[in-house]
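One structure is given below, encoded as structure tokens.
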Amino acid sequence: MLLPEMLPSLGISKTEAGVIFASYFVAYTVFSPVLGLLADRYNVRVLLTLFAVILGAGAFLMTYSSSLVAA
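Under the working numbering, the final residue of the sequence shown carries the number 72; numbering is consecutive throughout.
Below, the structure is given as structure tokens:
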């Protein structure tokens, strides 16, 4: 719904947006069972803190990317 309005401001095509969504889906599908096993084995609070820090660092680094390829 929002994607068609966002594409021009992001400077990406529908194909590139599709690749982004497909990449997210594949990563989610692959890592969900792995992270589920980790959550069963280790302290969930520690894992959530660790992954929140990793996510924050990744988001911070993304602010310096100048294009989709650089991201």
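Beta carbons: idealized from backbone N, C-alpha and C, even for Gly.
Rounded to whole angstroms, the separation of the alpha carbons of residue 6 and residue 65 is 23 Å. For residue 25, the secondary structure class from DSSP, reduced to helix, strand or coil, is helix. Judged by DSSP in its simplified three-state form, residue 12 adopts coil rather than helix or strand. Rounded to whole angstroms, the Cβ separation of residue 56 and residue 48 is 12 Å, and the two are not in contact under 8 Å.
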